[in-house]
Each structure stands twice: as C-alpha cells, then as structure tokens.
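Since the structure comes first, as structure tokens, the remarks are kept for the end.
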Amino acid sequence: MKRILITSIFLFTFSCIPALLERDKEDLKLPDEFVNWESSEKSEKLVNQIWKEFFKESQLVELIDLAIENNQELAILEQEINISNNEVFARQGEYLPKLSLQADGGSEQKERFSTPNANSPTLFAHGGLVMSWEIDIWKKLRNATKSAYLRYLAGIEGKRYVVTNLVAEITDTYFELIALDNQLTLVENYIEVLTKVKEIVVLQREAGRTTSLAVKRFEAEVSKNLARKFDIVQRIAITENRLNFLLGRFPEKITRKQGDFLEISLPEIQKSVPVDLLENRPDIKQATLMLESRKLDVEVARAKFYPSLQIDGNIGYEAFNSKHFKGTPVSLAYGLGGGIIAPLINRKAIEANYATANNMQIQALYNYEVSLLKAFTEVTNQIVKINNLNQKFEAKTKQVLNLKESVEISNILFKAGRIDYIDVLFTQRDFLEAQIEVYELKYSLLESNVGLYKALGGGWRGQKEPEGEKKKTSNF
C-alpha cells in the first residue's frame, strides 16, 4: 500500500506540469542572394578581414585604436561581461557539494524538578565539518549554468556589435571632417575669385561700361559665401567634438588627412550571400545565443516541478567537558542523511516562473527573427544606395567638368566685354554648388561602403577577447 501511495504521489507530481502556450516555430529562411549586387564574386571576403586591413588610412586606424581603448560605452559593456562571467562561476558552485566549518558551544541550566541533577549546569562544545549537496538528477543546476554561460557569450557578441558600430561611426565622422575641410577650401577659393572679378567690375564701372548694380551683386555674393564659410567652420568644430566624444576624451584638434577628398577610396566589398550574415553579424549571433539560453531556462523552470534530492552530512567532535573534546573516537560525532522534496500544493510561484520562462523564450525567438530581417534589410538598402550613388556621382562629375570649362570661357568673354557680369556670377555660382555636391556625394559613397561593411558584419574582428570565451559548455 505504501509503495502504491508513493508511486501515486510521484506520478501526480510529474503529470501536473501546466501546458504552455507555444508559438509554431517556422524557421525564417533567408533569401539565397542579395538582389542588385553588381560586384563580382570572389573567393576572399574583405568583410572577414580585421578593420585595420580594410581601412588603410593610418590616421584613421590610429583614431579607431584609440576609441576602442578609451570609449566609455565599451568599458561599461566589458564590466557587464565580467558580471555575466561571475554569474557562470556562481552557477557552477550550485551543483557542487558545499562544505562548511562549524563550531559552537554553550551551557544549559534547568530548574530543580525538571530533570535529575538539574542543579548542575550542562556544558557542551561541538566543532567539525558540515556538508550539504543537492544531487542534480534532473540537470536543473547544470542547465542553469549552461544558460548563464550562453548569456555570457551573448554579452561578448553584444560588445562586438557595439565595436562594429563604433568603427563605422568613427570612420564616417573622420571622412565627414575631410569633406568639410575640402568644402571650406572651395568656398575660400570661390570668395577669392569673386573678389578678383569684383575688382574688374569696379574698373568697368569707373570706365562707364557697367553700373553700381554689378558691384553690389558681387559684394552680396561675397558676403553670402563668407556666411557659408563660417557655417562650415562651425560644422567642422562640432564634428571634431563628436569624434573626440567617440574617442572618450575632451575636445581637441583632430589630426587628419590633408589633400583632395575625392582621391580617398575603399576596397570593393566582394559579393556575399545572406547566409554569411549568420556567421559575421554579432547581433544575430547574440540573438541566437539568447534564444538557446532561454530554451535552457524553460528546462530549468520545468525541473522545479520534479522532486529534488538533498544529501546532508557532518563529522566532528562533541563533548560535555572540554578535557574530553579531543578524544578520539569517544568524542567523535558524525551523521549522514538524505531526503527527497517534491512540490505538491500551492505551486503558484513555480507555475508562474515556468510560464515566464516560456514567454521569454518566445520573446527571444522574435528578437532573433527581427535581427535577421534587420540585417538583410540593411545590406539590401546599402547595395541600392551604392548603385544609385555611383551613377549620380558619375553624372555630377561630368557636370563639374563642363562647368569648369564654362567658367574659363565666361572669364575670357567677360574680360572681352562680350557677356554681362550676371553670366559670370551665375556660372561661378553653379560651379561652386556642383563642386560641393560632388564632395557630398563622395562622402555619401564612402559612408554607404562603410555601412555595407558594417551591415555584413565587418569591423569587430581583431579585438582582444575575454579569456572566459575559451570555455566550452560541454564542461558543465
């Protein structure tokens, strides 16, 4: 009868685990290839190279190195990784035996008629080792350790993703600074040209060949571009400050490349396939690890419905008189026992934790799918941008060449008195605007190429990794 009762209790315990609301999991299949990618297929993939090999500019590489070393956001993430690593060690300790040292003593005095010899106080002393061990028969503790380790690895991937974004942002800001420097030079040269043309117009007015209107128009154009010059100077200062912030330091002068911005180029990114994102994108790898961790959390929560086996033991010395305390074996005291505990009534907390673990697993699945969609969309958008910007840049470059010739012709005709000042002014203005647009397009092209490099998962390789990453979950 007792066996039947015990068996019934165990069956009742196992059968009363509540059913979970499950989402039908259909793997989000990535397309076979990215559309509109005109780059040729090559065996070597630049995205797998460390960023020092992709960005050749020495001053840019120096800035990125400095940022990775000093950036406060990365330092914060490093501490979060250390916290996760500490949690792994804490979880490991939970499924190992616990051994403690215990010592106690005291005196007990009872009233006269309570027991025989009550008038004499009773002394006692005890010292020894105490052991307790929860046997992990359902892998509850080991799964909790594996889950903590996966979260630790996910934290490393999260830091890698931040490094990827940081490298891209520093590169974009650095190129923006150089583009602004070149735009400032263009405006200053334009002001100088306008000033020289204005001097010619003044001479023509004095000779009666034109009116004061022409002089005022050129003076107004000079004033307008002086204002533009100071606007660019302000943008340069703000951009430098933003870059210094990314470097983790107070504002100071940024050393950067001098020369024609249009000569800067980046290696062509070889054609890739969407499945490569699973290997290269840290955010996808982070979402994958978190999903695996949440699956284990569900197993841990389920195991709490099952009976747990606890073993307790102690060994030491116990005596009522200190002179007998070290006597062996007469003062030796030891014990060993075990017990099984299973939840039967009022399991609301366990059921709630079980449901919460499942909800977090489904949430992690959605996050994984979002990371896939986001990555694929980012790559596709950058490919489209690069294709369109290349064509636009080519057309705008031709416009600049034509306007350059127009400026030379207009200057000759104006000096010969064959065209009016307004033609010279408009031609010079169009030439300046076209040049500025070319520099802006060049920056957009570089920005898009950096964006594609980042979207494909480039920019995090070559960094120092935490020692704990070398562990294997199979050790748990």
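Numbering (this note's numbering), first residue to last: 1 to 476.
The C-beta atom is built at its ideal place from N, Cα and C for all residues, glycine as well.
Rounded to whole angstroms, what's the CA-CA distance from residue 354 to residue 301? Just pull it up for me. Locating residue 354 in the sequence shown gives position 354, counting from the first residue. Locating residue 301 in the sequence shown gives position 301, counting from the first residue. Spanning the two alpha carbons is a distance of roughly 5 Å.
Name the two residues that bound the continuous beta strand (DSSP E) containing residue 341. Position 341 of the sequence shown holds residue 341. 332-341 is the extent of the beta strand (DSSP E) around residue 341.
Could you spell out the range, first to last residue, of the alpha helix (DSSP H) harbouring residue 294? Here residue 294 is taken as the residue at index 294 of the sequence shown, counted from 1. Note, residue 294: alpha helix (DSSP H), 282-303.
Less than 8 Å between the CB atoms is what I'm expecting for residue 152 and residue 88, so what's the real figure, rounded? The residue given as residue 152 occupies position 152 in the sequence shown. The residue given as residue 88 occupies position 88 in the sequence shown. The pair is a contact, with the Cβ atoms about 5 Å apart (cut-off 8 Å).
One question on the structure: do residue 75 and residue 247 come within less than 7 Å of each other, judged by their Cβ atoms? What you label residue 75 is simply residue 75 of the sequence shown in a count that begins at 1. What you label residue 247 is simply residue 247 of the sequence shown in a count that begins at 1. Not a contact, by the Cβ cut-off of 7 Å.
For residue 435 versus residue 186, is the C-beta spacing smaller than 7 Å? The sequence position of residue 435 within the sequence shown is 435, counting from 1. The sequence position of residue 186 within the sequence shown is 186, counting from 1. Yes; because the gap between Cβ atoms is below 7 Å, this pair is in contact.
In terms of residues, what are the limits of the alpha helix (DSSP H) holding residue 51? Taking the sequence shown and counting its residues from 1, one reaches residue 51 at position 51. Taken as a continuous stretch (DSSP letters only), the alpha helix (DSSP H) holding residue 51 covers 51-54.
Which of helix, strand or coil DSSP assigns to residue 75: By 1-based counting over the sequence shown, the position of residue 75 is 75. Looking at residue 75 - three-state DSSP - the assignment turns out to be helix.
Going by C-alpha distance, which of 283, 305, 440 is nearest residue 178? As a position in the sequence shown, residue 178 is number 178, starting the count at 1. With distances taken between Cα atoms, residue 178 lies closest to 440.
Am I right that residue 243 and residue 236 are in contact with their C-beta atoms under 8 Å? What's the rounded C-beta distance? As a working note, residue 243 is residue 243 in the sequence shown. As a working note, residue 236 is residue 236 in the sequence shown. In fact, because the Cβ distance is near 11 Å, the residues do not count as touching under 8 Å.
When we look at the beta-carbon of residue 209 and count the other beta-carbons within 10 Å, is it buried (16 or more) or exposed? If you number the sequence shown from 1, residue 209 lands on position 209. Burial call: exposed.
If you draw a straight line from the C-alpha of residue 357 to the C-alpha of residue 291, how long is it? Against the sequence shown, residue 357 aligns to sequence position 357. Against the sequence shown, residue 291 aligns to sequence position 291. Whole-angstrom Cα-Cα distance: 11 Å.
Based on DSSP bridge pairs, tell me the residues matched to residue 57. Position 57 of the sequence shown holds residue 57. DSSP, once it has assigned bridges, lists no residue as partnering residue 57.
For the segment 192-266, list the alpha helix (DSSP H) runs that are entirely contained and at least 4 residues long, ordered along the chain. 212-246
Taking 6 Å as the limit between beta carbons, can you name the residues of its chain near residue 414, skipping five residues before and five after? The residue given as residue 414 occupies position 414 in the sequence shown. Around residue 414: 424.
Is the distance from the Cβ of residue 286 to the Cβ of residue 154 below 7 Å? If you number the sequence shown from 1, residue 286 lands on position 286. If you number the sequence shown from 1, residue 154 lands on position 154. Cβ atoms of residue 286 and residue 154: closer than 7 Å.
In whole angstroms, give me the CA-to-CA distance for residue 275 and residue 32. Your numbering for residue 275 matches position 275 in the sequence shown. Your numbering for residue 32 matches position 32 in the sequence shown. Distance between the alpha carbons of residue 275 and residue 32: 8 Å.
Excluding the five sequence neighbours on either side, which residues of its own chain have a C-beta within less than 7 Å of the C-beta of residue 157, listed in chain order? Along the sequence shown, read from residue 1 onward, the residue named residue 157 stands at position 157. Hits under 7 Å: 282, 285, 286, 289.
Contacting residues, own chain, Cβ-Cβ under 8 Å from residue 233 (five flanking each side not counted): Stepping through the sequence shown from its first residue, residue 233 is reached at position 233. Around residue 233: 184.
Just the C-alpha distance for residue 477 and residue 128, rounded to the nearest angstrom, thanks. Given that the chain is displayed from residue 1 to residue 476, the structure contains no residue 477 and the question cannot be resolved.
Separation of residue 63 from residue 381, as counted between CA atoms: Against the sequence shown, residue 381 aligns to sequence position 381. Against the sequence shown, residue 63 aligns to sequence position 63. Cα to Cα, residue 381 sits roughly 28 Å from residue 63.
Cβ pair residue 172, residue 438 closer than 7 Å: As a working mapping, residue 172 is identified with position 172 in the sequence shown. As a working mapping, residue 438 is identified with position 438 in the sequence shown. Result no, Cβ atoms of residue 172 and residue 438 do not sit closer than 7 Å.
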